[in-house]
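Asker: Counting from 0, one number per residue, gives the positions in the sequence shown under numbering that gives the first Met the number 0.
Starting off with a structure, shown below.
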Amino acid sequence: MAIEKELVDLMKKYYENVDHCIGYPVCQYPNISGFGEWYDKTGLCDISINNVGNPFDAEQFVLNSTMIERDVIRKFSRIYGVPEGKEWGFVTNSGTDGNMHGIYFGAKKLQKETGMLPLVYISKEAHYSSSRICDVQNLETRMIDYDKYGRMDPEAFREALDPTRPALIVFAIGSTFMGAVDDIQAIQKVLDEKKPVGVYKHLDAALFGGYLPFTPYKDLVNMQKQGYDSIAISGHKFFGVDEPCGLFISRQEIIDSQQSFKVEYLRNDMPLISCSRNGLTPLKFHWIMNAMGNEGFEKEAAFMLENTQYLQDKLDENNYPAWHLKYSNTVFFKRPPQWIRDKYMLANGYMEEYGGELSHVVVMQHVTKDIIDEFIEDILSSVEE
């Protein structure tokens, strides 16, 4: 059949390019080996699994995987320092889905407590999804300048902060281009000084929230250490799920603070914006969580950070302008010619303070030293052209 040939040709194209896809934060070696065989063998592949509604409520639709979803959230909540028995969350459709709920829940909590919608504060270096979400939710947003390390600038935040309005701060834990980690404690000092009428802190930790808990820097995403209210993490990045998805993790008290939204045909309260959710994704998370374990994740995180430093060192040895921030698996550098950007699917950025036109590499699990060496050879050949 023609459609079969089209699919085969498409798959060949993917496989030919996968090792050179190093400009975007996607794990190209998914950690779900054996899952497809198990999924087919059990017959679950013949059933539509729908996790409609709140996974921490009574079952509302029989053909679901909410029991597994709750287990995933509870186990990951321990990793992010949420007190046992206090956690709430769900498996999301994407990191943006997690940000959407963090901003929505935060805005509604602050409105209920103060009678006012918050001002939302976001770094200009943060992922665009948060400002787009604020536009969708009609929330007033103040974009904050960043410092030379790409972090939300505390002094710029101080000037922008209106203490008469509740403050909803979105922290970038791994910014889009530079790989910067906002300094939560520095921003907290400003909050302690100016004392806005209400505060909600959400972490957009799409990529870094995956690997940081398995490094010496784990406290950066620990809820009890950092005092944040919710966090969004991607599943298709560090954790290696083979489809866009993620985790939203918060506390039960955040959900309890929301205005009741009863839905008769679901027979319960409905706090989520989304209704139907993919019931297959929690099964994949559960599979990966048990197959890898903390030790497996620690090895992958160490591999990525080691190879990140290797890439930085190679660029430095050859005097090619490049930079790498602390905690980050991202190296950004002077933008190379178009053929290199195409071959390696590089992402581009522009920053005057680093010389203008830039590109970056995000060192994921599939970015080996061999690939890095090939990339360096191409960079050097382009300099000689």
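For glycine and all other residues, C-beta sits at the position ideal for the given N, C-alpha and C.
Here's a check: name, in chain order, each residue in its chain whose Cβ is nearer than 6 Å to the Cβ of residue 189, leaving out the five neighbours to either side.
Answerer: The residue labelled residue 189 in the question sits at position 190 within the sequence shown. Hits under 6 Å: 153, 156, 157.
Asker: Just how far apart, CA to CA, sit residue 31 and residue 175?
Answerer: The residue you call residue 31 lines up with position 32 of the sequence shown. The residue you call residue 175 lines up with position 176 of the sequence shown. Roughly 26 Å between the two C-alpha positions.
Asker: Looking at the secondary structure, which residues open and close the beta strand (DSSP E) in which residue 248 lies?
Answerer: For the purposes of this step, residue 248 is taken as the residue at position 249 of the sequence shown. For residue 248, the enclosing beta strand (DSSP E) stretches over residues 245-250.
Asker: Pull up the distance between the alpha-carbon of residue 316 and that of residue 375, whole angstroms please.
Answerer: Position 317 of the sequence shown, counted from the start, is the residue given in the question as residue 316. Position 376 of the sequence shown, counted from the start, is the residue given in the question as residue 375. About 11 Å.
Asker: I'd like the list of long-range same chain contacts for residue 270, defined as Cβ closer than 7 Å, with 5 residues on each side in sequence excluded.
Answerer: For the purposes of this step, residue 270 is identified with residue 271 of the sequence shown, where counting begins at 1. Here the set comprises 53, 254, 257, 260.
Asker: Go through its chain and collect everything with a Cβ distance to residue 93's Cβ below 6 Å, but skip five positions before and after it.
Answerer: Counting from one through the sequence shown, the residue named residue 93 turns up at place 94. Here the set comprises 243, 245.
Asker: Taking 8 Å as the threshold (C-beta atoms), are residue 143 and residue 119 in contact?
Answerer: What you label residue 119 is simply residue 120 of the sequence shown in a count that begins at 1. What you label residue 143 is simply residue 144 of the sequence shown in a count that begins at 1. The answer is no: Cβ separation not under 8 Å.
Asker: Please name the residue in 232, 178, 210, 290 whose C-alpha comes closest to that of residue 151.
Answerer: As a first step, residue 151 must be located in the sequence shown, where it is residue number 152. For the residues 232, 178, 210, 290, the minimum Cα distance to residue 151 belongs to 178.
Asker: Measure the C-alpha to C-alpha separation of residue 203 and residue 81 and round it to an integer number of angstroms.
Answerer: On the sequence shown, position 204 is the one that residue 203 refers to. On the sequence shown, position 82 is the one that residue 81 refers to. Between the alpha carbons of residue 203 and residue 81 lies a distance of about 16 Å.
Asker: Once the 5 residues before and after residue 160 are set aside, which same chain residues still bring their CB inside 6 Å of it?
Answerer: On the sequence shown, position 161 is the one that residue 160 refers to. Cβ within range, chain order: 193.
Asker: Within its chain, find whatever has a CB closer than 7 Å to the CB of residue 310; leave out the 5 residues flanking it on each side and keep chain order.
Answerer: Locating residue 310 in the sequence shown gives position 311, counting from the first residue. Closer than 7 Å at the Cβ level, and outside the excluded window around residue 310, lie 330, 360, 362, 371.
Asker: When the Cα of residue 210 is compared with those of 292, 132, 88, which residue comes out closest?
Answerer: Here residue 210 refers to the residue found at position 211 of the sequence shown. Considering only alpha carbons, the answer is 292.
Asker: According to DSSP, is residue 89 helix, strand or coil?
Answerer: As a working note, residue 89 is residue 90 in the sequence shown. Of the three classes helix, strand and coil, the one that applies to residue 89 here is strand, per DSSP.
Asker: Look up residue 355 in the DSSP assignment and say whether it is helix, strand or coil.
Answerer: Numbered from its first residue, the sequence shown carries residue 355 at position 356. Residue 355: strand per DSSP, three-state reduction.
Asker: Keeping to the same chain, check which residues put their C-beta closer than 6 Å to that of residue 112; ignore five residues upstream and five downstream.
Answerer: Position 113 of the sequence shown, counted from the first residue, corresponds to residue 112. Same-chain partners within the cutoff: 197.
Asker: Determine the direct distance from the alpha carbon of residue 350 to that of residue 134, and round the result to whole angstroms.
Answerer: Stepping through the sequence shown from its first residue, residue 134 is reached at position 135. Stepping through the sequence shown from its first residue, residue 350 is reached at position 351. In this structure, the straight-line span from the alpha carbon of residue 134 to that of residue 350 is close to 25 Å.
Asker: Restricting to Cα atoms, I'd like to know which of 250, 227, 214 is closest to residue 237.
Answerer: Here residue 237 refers to the residue found at position 238 when the sequence shown is read from its first residue. In terms of Cα proximity to residue 237, the closest of 250, 227, 214 is 214.
Asker: Leaving out five residues before and five after residue 391 in sequence, what residues of the same chain have Cβ atoms less than 8 Å from its Cβ?
Answerer: Outside the displayed span of the chain (0 to 384) sits residue 391, for which this structure offers no information.
Asker: Below 8 Å, how does it come out for the segment 288-307 and the segment 333-340: are there three or more Cβ pairs, yes or no?
Answerer: no
Asker: Residue 143 bridges to which residues according to DSSP?
Answerer: Sequence index remark: in the sequence shown, residue 143 carries index 144 (1-based). Answer is 122, bridged to residue 143.
Asker: Do residue 207 and residue 180 have their C-beta atoms closer together than 8 Å?
Answerer: The count along the sequence shown starts at 1 and reaches residue 207 at position 208. The count along the sequence shown starts at 1 and reaches residue 180 at position 181. Yes, they are a contact pair.
Asker: Can at least three beta-carbon pairs, one atom from the segment 17-34 and one from the segment 261-281, be found at a separation below 8 Å?
Answerer: no
Asker: Tell me the start and end of each unbroken alpha helix (DSSP H) in the segment 326-350 that is at least 4 residues and wholly inside, in chain order.
Answerer: 337-343
Asker: As an exercise, report each continuous alpha helix (DSSP H) stretch of at least 4 residues that is fully enclosed by the segment 202-263, in chain order.
Answerer: Listed in chain order, the complete alpha helix (DSSP H) runs (minimum 4 residues) inside the segment 202-263 are 207-210, 222-225, 251-255.
Asker: Give me the residue from 323, 55, 348, 313 with the minimum Cα distance to residue 379.
Answerer: Working through the sequence shown from its first residue, we reach residue 379 at position 380. The candidate whose alpha carbon is nearest that of residue 379 is 313.
Asker: Starting from residue 186, follow the alpha helix (DSSP H) in both directions and report where the run begins and ends.
Answerer: The count along the sequence shown starts at 1 and reaches residue 186 at position 187. From DSSP, the alpha helix (DSSP H) with residue 186 extends over 183-193.
Asker: Name the DSSP beta bridge partners of residue 199, please?
Answerer: For the purposes of this step, residue 199 is taken as the residue at position 200 of the sequence shown. Beta-bridge pairing links residue 199 to 167.
Asker: If I'm right that residue 222 touches residue 79 with Cβ under 8 Å, what's the distance once you round it to whole angstroms?
Answerer: Taking the sequence shown and counting its residues from 1, one reaches residue 222 at position 223. Taking the sequence shown and counting its residues from 1, one reaches residue 79 at position 80. The Cβ separation is near 6 Å, so the contact holds.
Asker: Which whole-angstrom value describes the C-beta separation of residue 250 and residue 86, a residue pair presumed to lie in contact below a C-beta threshold of 8 Å?
Answerer: Along the sequence shown, one-based indexing puts residue 250 at 251. Along the sequence shown, one-based indexing puts residue 86 at 87. Contact flag correct, Cβ pair sits at about 7 Å.
Asker: Classify residue 229 as buried or exposed, calling it buried when 16 or more other Cβ atoms lie within 10 Å of its own Cβ.
Answerer: Taking the first residue of the sequence shown as 1, we reach residue 229 at position 230. That one is buried.
Asker: Who are the near neighbours of residue 130 in its chain, counting only those whose CB is closer than 8 Å to its CB and skipping five residues on each side?
Answerer: Residue numbering aside, residue 130 sits at position 131 when the sequence shown is read from its first letter. Setting aside the 5 residues that flank it on each side, residue 130 is surrounded in the same chain by 121, 140, 142, each with a C-beta closer than 8 Å to its C-beta; the list follows chain order.
Asker: Whole angstroms are fine: how far does the CA of residue 345 sit from the CA of residue 66?
Answerer: Counted from its first residue, the sequence shown places residue 66 at position 67. Counted from its first residue, the sequence shown places residue 345 at position 346. Cα to Cα, the separation comes out at about 40 Å.
Asker: Please tell me whether residue 201 and residue 105 are closer than 8 Å, where the distance is taken between their beta carbons.
Answerer: Here the question's residue 201 lines up with position 202 in the sequence shown. Here the question's residue 105 lines up with position 106 in the sequence shown. A contact, by the Cβ cut-off of 8 Å.
Asker: Name the DSSP beta bridge partners of residue 159, please?
Answerer: For the purposes of this step, residue 159 is taken as the residue at position 160 of the sequence shown. DSSP lists no partner for residue 159.
Asker: Indicate whether residue 98 and residue 128 have their beta-carbon atoms separated by less than 8 Å.
Answerer: Residue mapping note: residue 98 aligns to position 99 of the sequence shown, counting from 1. Residue mapping note: residue 128 aligns to position 129 of the sequence shown, counting from 1. For residue 98 and residue 128, yes; Cβs fall inside 8 Å.
Asker: Evaluate residue 147 with the Cβ neighbour count: other Cβ atoms within 10 Å of its Cβ, from every protein chain shown; 16 or more gives buried, anything less gives exposed.
Answerer: The residue you call residue 147 lines up with position 148 of the sequence shown. When all chains shown are included, residue 147 counts as exposed.
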